[in-house]
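Q:
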Amino acid sequence: MKQKKLQTKSKYDEFDMDNDGVVTDKEIAQHQEMMNQQLIEEKSDTQKRMAWVAMISMCVFALIPLLPFIPADRLSTLASLSDMLFLSQASIVGLYFGAQAYMAKR
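Letter 105 of the sequence shown, counting from 1, is numbered 104 in numbering that gives the first Met the number 0, and no numbers are missing.
1. List the whole-angstrom C-beta distance separating M54 from V21, where the pair is believed to meet the contact cut-off of C-beta under 8 Å.
2. Does DSSP put L77 in a helix, a strand or coil?
3. Our contact map puts A50 next to Y101 with C-beta atoms below 8 Å; I'd like the distance itself, whole angstroms only.
4. Taking Cβ positions, are A98 and M57 nearer each other than 9 Å?
5. For the alpha helix (DSSP H) containing I39, name the first residue and the last one.
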C-alpha cells in the first residue's frame with residue numbers, strides 16, 4: 000500500500016507529529032485526543048468564569064441598597080427582584096462547586 004504524502008502548507012500538516020510528511024492513523028488519533036482535552040479545558044474555564052460572575056453579581060446586588068442616591072421606591076422594586084436573582088445566581092455557583100466536587104471524587 001502506498002503512503003500518501005502531504006502537500007506543502009497543507010491544513011493537515013499540523014497532524015504530522017514526527018514531521019516525516021506522512022500522517023498516520025495514530026497521529027490523527029493523538030491530534031483528536033489533544034483537541035478533546037483542549038475543549039474540556041475551555042469548557043471548565045467557561046464554567047469557572049460563569050460562577051465568578053454569578054458570585055460578583057450577588058455581592059454587587061447586595062451592596063446596591065446601601066448606596067445613598069437610590070430612592071426608597073426603587074429599593075422596593077429591587078427587593079422584589081432580589082429573591083429570584085439570588086436564587087438563580089446561587090444555584091449557578093452551587094452547581095459549579097458541586098460538579099467540581101463530584102469530578103474530583105470520580
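Glycine included, C-beta positions come from ideal geometry on N, C-alpha and C.
Keep in mind it's a predicted model, so treat the numbers as computed, not measured.
A: Inspection of the coordinates gives the following:
1. Working through the sequence shown from its first residue, we reach residue 54 at position 55. Working through the sequence shown from its first residue, we reach residue 21 at position 22. In fact, because the Cβ distance is near 50 Å, the residues do not count as touching under 8 Å.
2. Here residue 77 corresponds to residue number 78 of the sequence shown, with the count starting at 1. Reduced to three states, the DSSP call for L77 is helix.
3. Position 51 of the sequence shown, counting from 1, holds the residue named residue 50. Position 102 of the sequence shown, counting from 1, holds the residue named residue 101. With a Cβ gap of about 15 Å, A50 and Y101 do not count as contacting.
4. Residue 98 sits at position 99 when you count from the first residue of the sequence shown. Residue 57 sits at position 58 when you count from the first residue of the sequence shown. For A98 and M57, no; Cβs fall outside 9 Å.
5. Taking the first residue of the sequence shown as 1, we reach residue 39 at position 40. If you look at I39, you'll find it in the alpha helix (DSSP H) that goes 24 to 62.
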